[in-house]
Structure formats: structure tokens, C-alpha cells
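In the numbering used here, the protein residues as written are 1151 to 1412.
Beta carbons are placed, not taken as given, at the ideal position from N, Cα and C, and that holds for glycine.
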Ligand SMILES: NC(=O)c1ccc[n+]([C@@H]2O[C@H](COP(=O)([O-])OP(=O)(O)OC[C@H]3O[C@@H](n4cnc5c(N)ncnc54)[C@H](O)[C@@H]3O)[C@@H](O)[C@H]2O)c1
């Protein structure tokens, strides 16, 4: 059976780490890319030889080139890319510095563009090499961008983040239609509030904030990171073979809700 290989950026913590776990469970070999060397090394300890860690700042083009080279050296191919690494710089819109704005766009939008471009070229080479033996319907090449409900909503003092996720959705759309003829599907996931360590710690201490968040969440709870990873696994799987150019919102109903839950 063919080896399936996924690259997951920002895979050392939070949603990215949950995706690494889920893809390993689903039989993938995974390259976990993260800027945080300590967390990356700690994370791979759990997986033995099925996961490689590559330290990488996704905002640096050379790092992305090295990431792809390291992936090919380790596993020889790439089938799935999850552009998950993301940052925010909080400030009032009128005070937000240009450097902060550029940093957010570099990690959240330019990096997914550059890495998708590199990986798409690699996928194209694999597809051409496999053309004689594999039919279109059995190809499972997928790019998944970790967007946010903030692609279409906004929270105060987080302008660059919302702008970046809106742009990431359009990157998804534009790339999806160009890569469709190749058989590479491109989709996004838009999580609502997800119980990463940081958010769990904040809402455990701050009951008022917890109450406000849940009043805006019809399903009445914060998502577990594994519930986002499950949707990434679906989008990468043959079950999603006819799905491309979509952002799937995994938000407990928040986008559907006007006002608040009683
Ligand atoms: N947690 C949520 O509630 C939530 C909601 C909506 C969307 N998201 C999105 O999901 C993704 C993951 O979020 P999370 O909450 O798990 O974040 P997190 O901060 O827990 O993890 C992000 C990971 O990305 C890495 N990273 C940051 N900058 C990087 C860079 N320049 N190069 C390489 N790696 C880098 C960090 O070291 C970290 O391991 C992000 O794109 C975020 O915008 C999160």
C-alpha cells in the first residue's frame, strides 16, 4: 500500500498537535513543522518514527524550502498539507503598528501561499509520475488551511488577524479552482472557540468570560482540539473527494446565532 505523507505547520501545540495525532492514527507519516524547537521535540517523542520534526519559521521562504526538502528526504512524497500555524497581534485598530500587521499577514497568509505553491508543484510532479497507474478518482491530494470564524466576523482589537483569515479564505478559493484540474483539493476549516491550553486556562479562571463565550455558542461548550482535527481528517479523506474550495466552519453554531443563547 502507498505511504501517505502529511505536512502540518504549527504542529507542536494546540490544534496542530491534535491534527498530528489524528493523521498518525489514520495511518499517515507526518512532518511536524514548528518555530518552537522545544515544543516540537517534545511533541515528536510521542510518535516514534512515524513523525519527523522540522524546526521552521513559516514566515521565512528558505525555511519553507528546507521543510519540503526535509519531507522528501524523510518520506519521499507529500499528499496532504495543513497550513495551521497562525498568530495574532492584539491592539486597537488605530494603534496597530505596521510591523505587527505585516507579521500577522506573513505567517497567516503569505506562508500558506508560498508553501502551498511549493507543495502543489511537488504534488503535480507526483501526479504526473503516477498518471499511468492511478486514476483521477483515487487521488487524495489535499491542502487544508486553518482559517477561523474571524474570516467573516471580527473581535475588537484583533484587526490584522481577521484581515488575515479573510484573505486565507480567498487564498483557499483561488487555489482550489486552479488546482482542481490536477486533482488537488483545497479547503479551509473555520474553528470557533477551541479549548487549547491557553483558552482552557483563561476560562477556568474567568467565569464571566466563560459565560459570555458560551452564551454565543449554541452547542454550549468549547470545542476540543480533536474535533477540529477530525474535520481535517475528513477533508483529507476519500469521503471528501468531491469537496473543494470550501471553508467548513466548526464553531458549535456561532455563525448561525444572532444575539445570544438564554
Ligand atoms: N484556538 C482557537 O480557538 C482557534 C480558533 C480559530 C482558529 N484558530 C486557528 O488555528 C490555528 C492553530 O491555533 P492554536 O489555537 O492551536 O494555536 P497555538 O498557539 O496553540 O499553536 C500554534 C502553533 O503554531 C506555531 N507557530 C507560530 N508561529 C509560527 C511560525 N512563524 N512558524 C512556524 N510555527 C509557528 C506555534 O509555535 C504553535 O506551536 C491558527 O491558525 C489559529 O488562527 C484557532
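Residue environment, residue i, which counts as buried when at least 16 other CB atoms sit within 10 Å
{"i": "residue 1354", "result": "exposed"}
{"i": "residue 1244", "result": "exposed"}
{"i": "residue 1392", "result": "exposed"}
{"i": "residue 1330", "result": "exposed"}
{"i": "residue 1235", "result": "buried"}
{"i": "residue 1357", "result": "exposed"}
{"i": "residue 1327", "result": "exposed"}
{"i": "residue 1223", "result": "exposed"}
Unbroken alpha helix (DSSP H) run spanning residue i, endpoints
{"i": "residue 1216", "result": "1211-1225"}
{"i": "residue 1310", "result": "1309-1329"}
{"i": "residue 1169", "result": "1164-1175"}
{"i": "residue 1271", "result": "1261-1280"}
{"i": "residue 1375", "result": "1375-1386"}
Length of the line joining the Cα atoms of residue i and residue j
{"i": "residue 1167", "j": "residue 1408", "result": "32 Å"}
{"i": "residue 1221", "j": "residue 1181", "result": "6 Å"}
{"i": "residue 1368", "j": "residue 1362", "result": "12 Å"}
{"i": "residue 1322", "j": "residue 1187", "result": "29 Å"}
{"i": "residue 1320", "j": "residue 1200", "result": "33 Å"}
{"i": "residue 1396", "j": "residue 1336", "result": "8 Å"}
{"i": "residue 1195", "j": "residue 1162", "result": "11 Å"}
{"i": "residue 1317", "j": "residue 1275", "result": "28 Å"}
{"i": "residue 1412", "j": "residue 1370", "result": "11 Å"}
{"i": "residue 1197", "j": "residue 1378", "result": "20 Å"}
{"i": "residue 1233", "j": "residue 1157", "result": "8 Å"}
{"i": "residue 1404", "j": "residue 1366", "result": "6 Å"}
{"i": "residue 1312", "j": "residue 1247", "result": "15 Å"}
{"i": "residue 1401", "j": "residue 1372", "result": "9 Å"}
Nearest-angstrom beta carbon gap, residue j and residue i [assumed within contact, 8 Å]
{"i": "residue 1344", "j": "residue 1228", "result": "Not a contact, Cβ separation roughly 26 Å."}
{"i": "residue 1293", "j": "residue 1334", "result": "7 Å"}
{"i": "residue 1159", "j": "residue 1183", "result": "5 Å"}
{"i": "residue 1258", "j": "residue 1192", "result": "At roughly 24 Å, the Cβ-Cβ gap does not stay under 8 Å, so residue 1258 and residue 1192 are not in contact."}
Run of the beta strand (DSSP E) containing residue i, from where it starts to where it stops
{"i": "residue 1184", "result": "1179-1184"}
{"i": "residue 1203", "result": "1201-1205"}
{"i": "residue 1400", "result": "1397-1400"}
How do the stretch 1237-1248 and the stretch 1215-1222 stand: do at least 3 beta-carbon pairs fall below 8 Å, yes or no?
no
Taking three-plus beta-carbon pairs below 8 Å as touching, is the stretch 1332-1341 in contact with the stretch 1291-1311?
yes
Are at least three pairs of beta-carbons, each pair with one atom in the stretch 1191-1204 and one in the stretch 1244-1254, less than 8 Å apart?
no
Do the stretch 1369-1386 and the stretch 1157-1172 meet, that is, are 3 or more Cβ pairs less than 8 Å apart?
yes
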